[in-house]
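Residues in the sequence shown are numbered from 24 upward in steps of one, following our numbering.
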Amino acid sequence: MTAKPEPTAPITQDVMTIPRKMPEGPKNLVGLTRAKLRDALIEVGTPEKQAKMRANQLWQWIYHWGVRDFAQMTNLAKDYRAKLAANFVVEVPEVVSKQVSEDGTRKYLVRIAGGHEVEVVYIPETDRGTLCISSQVGCTLTCSFCHTGTQKLVRNLTAAEIVGQIMMARDDLEEWPEPGVGTGENGPRLLSNIVLMGMGEPLYNFDNVRDAMKIAMDGEGIALSRRRITLSTSGVVPEIAKCAEEIGCLMAVSFHATDDETRNKLVPINKRWNIEALLDALREYPRLSNSERITFEYVMLKDVNDSDEDARRLVKLIKGIPAKINLIPFNEWPGSPYTRSSWNRIRKFADIIHNAGYASPIRTPRGEDIMAACGQLKSATERARKSRAQIEAETGAP
Ligand code: SAH
Ligand code: SF4
């Protein structure tokens, strides 16, 4: 069931498909699906009969060995390598700056075409290493507790820019196997998990996110299991089933409130698709994607959504959905309109959910000293800012 769209709802997908003039130059092979890669090779004169094999060879060089220079692709004939070099590049976003937190978290600022910048965060843990990647520059949505939400949407990232963030991080972690040596699988991976929890709403950039994640999951390349990729959405209901069917990764949802009035203020897309519509879509997700459970993200805001009653309501709402509730202590940013719930309050809230039979981990804020924690990302170079009036109109909250 879908709530009626607000007549003035500014949340439309159209703004995100504004065509932009691509700079002329050699075509980047990164981000192309296998089929598109094959077509690109045929376009420059590769015989159709050979194209599939050449595409497979290139795929391995690019995504398994991490090679960017055609000259190093030694199982291709020299003149063919020269032809590739004349027509194509293998390019990932450029790292502008890197900050390392006291706790080991790394925050990268990367530059993409058009001079825009996005942030990427690497979070090392004892049993895994998670890369938090961005899907858009800015965001069209205006969640009132989120720093990215104060920044206008500048543009969608391309598939190349999305998978390029993973490749860039593997460069920095020096995790590519030495070309031609071994299988590349030597012990646990430094970059073992991906979360689409950086800047932007991934389901409003669906095709590029899908193509990039398909590349990341491909067994002959980066080869991350779909169970190690989590996409977080604010609740773009019509795209949820599509995500299950076409990507099949794990799903996290920015839930954050247990009644529509509060959720309208915190996550204004709720005015378009309310809690009931969202839960209906989520109920179907595990079956459609053959995955175990949904992660409900819940930001803890003092006196806004953190009462015992909220916790009890939350448990009731998600009944029947296999779920884990990730409690996120609010991370403040300059000018943020909320404060973090006290630790006692968060623990009490977690206990109620836990006693109802759900895992309720409290997410430890990571990289706070470098402003890398959830919801703190915002590229300082983007001056474009939503006006106060726009935020008020969209959230209904001063
Ligand atoms: N746009 C997507 C993914 C990016 S946000 C989404 O909204 O789900 C990743 C998570 O961080 C979301 O659950 C988001 O609601 C949360 N978040 C945003 N700002 C935050 C803040 N200041 N403190 C804590 N969590 C925040
Ligand atoms: Fe956009 Fe997610 Fe931030 Fe909401 S929480 S403004 S959807 S990035």
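For every residue, glycine included, the Cβ atom is placed at its ideal position computed from N, Cα and C.
Hey, would you say the C-beta of residue i is under 7 angstroms away from at least one heavy atom of ligand 1?
i: E197; result: no
i: I351; result: yes
i: W84; result: no
i: W88; result: no
i: W296; result: no
i: S312; result: no
i: W366; result: no
i: N354; result: yes
i: M220; result: yes
i: S120; result: no
i: S383; result: no
i: V322; result: yes
i: S248; result: no
Once DSSP output is grouped into helix, strand and coil, what is the label at residue i?
i: V186; result: helix
i: P345; result: coil
i: N5; result: The requested residue 5 does not occur in the structure, where the chain is confined to residues 24 to 421.
i: L154; result: strand
i: H170; result: coil
i: E117; result: strand
i: L311; result: helix
i: N328; result: coil
i: A373; result: helix
i: P147; result: strand
i: E125; result: coil
i: A130; result: According to the sequence shown, residue 130 is Lys rather than Ala. K130 falls in the strand class under three-state DSSP.
i: F111; result: strand
i: Y86; result: helix
i: L196; result: coil
i: N179; result: strand
i: A334; result: helix
i: A395; result: coil
Thinking residue i and residue j are a contact (beta carbons under 8 angstroms), I'd like their distance in whole angstroms, please.
i: F168; j: S359; result: 7 angstroms
i: L116; j: V133; result: Checking the sequence shown, residue 116 turns out to be Pro, not Leu. Contact flag correct, Cβ pair sits at about 4 angstroms.
i: C155; j: G221; result: 5 angstroms
i: R306; j: G271; result: Rounded, the Cβ-Cβ distance is 17 angstroms, inconsistent with contact.
i: Y86; j: I217; result: About 14 angstroms separates the two Cβ atoms, so there is no contact after all.
To test your reading of the DSSP string, which unbroken alpha helix (DSSP H) runs of 4 or more residues are found completely within the stretch 210-265?
229-240
I need the residues with a C-beta less than 5 angstroms from some heavy atom of ligand 2; please give them in chain order.
Here the residues close to ligand 2, judged by CB distance below 5 angstroms to any of its heavy atoms, are C162, L164, C166, C169, T171, G172, E224, S257 in chain order.
Inside the stretch 260-296 only - beta strand (DSSP E) runs reaching at least 3 residues:
273-277
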